[in-house]
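Everything in the sequence shown is counted per my numbering, starting at 28 for the first residue and increasing by one.
For each residue, glycine too, the CB sits at the ideal point set by N, CA and C.
Taking it in order: structure first as structure tokens, then the write-up.
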Amino acid sequence: MQVFSTFETTGFLEMAISTLEKKGIQKENIFAVSLDNRAEDRKIFDTLHRSDGTSLIDIGMGLATALSVIGASIGFKLAWGPIYWGLIGAFVGFVIGFAIRLFIELVVKKNKRVLKGKHSEIILIVDCEETQAEFIEDVLWSHFAIGVAKIK
Numbered sequence: 028m029q030v031f032s033t034f035e036t037t038g039f040l041e042m043a044i045s046t047l048e049k050k051g052i053q054k055e056n057i058f059a060v061s062l063d064n065r066a067e068d069r070k071i072f073d074t075l076h077r078s079d080g081t082s083l084i085d086i087g088m089g090l091a092t093a094l095s096v097i098g099a100s101i102g103f104k105l106a107w108g109p110i111y112w113g114l115i116g117a118f119v120g121f122v123i124g125f126a127i128r129l130f131i132e133l134v135v136k137k138n139k140r141v142l143k144g145k146h147s148e149i150i151l152i153v154d155c156e157e158t159q160a161e162f163i164e165d166v167l168w169s170h171f172a173i174g175v176a177k178i179k
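Written out as structure tokens, the structure is:
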């Protein structure tokens with residue numbers, strides 16, 4: 028039977044391994060693998076298959092609406108008329124809002140785009156007998172494993 032678990036890189040992992048060795052699990056039956064963390068930056072623009080839930084056009088749509096109403100109102104007195112000035116106002120408002128939102132995402136929230144929460148950094152694999160599996164699982168949970176799985 029094999030018991031798989033994931034840990035952050037902390038002293039609790041080493042304590043769990045030493046506890047397992049003290050209880051009779053041989054070193055040859057304990058295997059730890061380090062995971063590589065994401066090296067590339069998070070994407071700003073969404074694709075068809077991936078979305079982070081952040082909208083870049085929300086401010087742009089609001090400003091487009093506001094400036095189109097203002098442009099149409101003022102357009103009654105201008106040469107091109109209210110329709111053209113309403114469309115020009117909508118376009119200018121959308122571009123300004125999109126630029127504001129893009130600036131906020133790229134500059135202000137740059138540090139917040141990293142993954143949050145606990146991250147698995149090490150996978151610990153323990154080969155054992157079925158009778159030892161419950162004990163090993165308890166030891167791993169008590170030493171703050173992020174996740175534990177048993178496979179026969």
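Buried or exposed: residue i, going by 16 or more other Cβ atoms within 10 Å of its Cβ?
i: Ile84; result: exposed
i: Ile126; result: The question names Ile, but residue 126 in the sequence shown is Ala. Label assigned to Ala126: exposed.
i: Leu133; result: exposed
i: Val135; result: exposed
i: Ile86; result: buried
i: Ser32; result: buried
i: Leu40; result: buried
Starting from residue i, follow the beta strand (DSSP E) in both directions and report where the run begins and ends.
i: Thr33; result: Gln29 to Phe34
i: Ala176; result: Gly174 to Ile178
i: Val122; result: Here Val122 belongs to no beta strand (DSSP E); instead the alpha helix (DSSP H) covers Pro109 to Phe130.
i: Ile152; result: Ile149 to Asp154
With DSSP as the reference, label residue i as helix, strand or coil.
i: Ser61; result: strand
i: Leu105; result: coil
i: Gly38; result: helix
i: Lys49; result: helix
i: Thr81; result: coil
i: Lys136; result: coil
If you follow the alpha helix (DSSP H) that residue i is part of, which residue opens it and which one closes it?
i: Glu157; result: Glu157 to Ser169
Give a yes or no on whether 8 angstroms exceeds the smallest Cβ distance from residue i to chain C.
i: Met28; result: Considering every chain present, this structure includes no chain C. It has just one protein chain.
- request: Could you say if the segment 103-119 and the segment 150-167 meet the contact criterion of at least three C-beta pairs nearer than 8 angstroms?
  value: no
task: Would you check if there are 3 or more beta carbon pairs closer than 8 angstroms linking the segment 156-165 to the segment 110-125?
output: no
query: Does the pairing of the segment 45-53 with the segment 84-98 give three or more beta-carbon distances under 8 angstroms?
result: no
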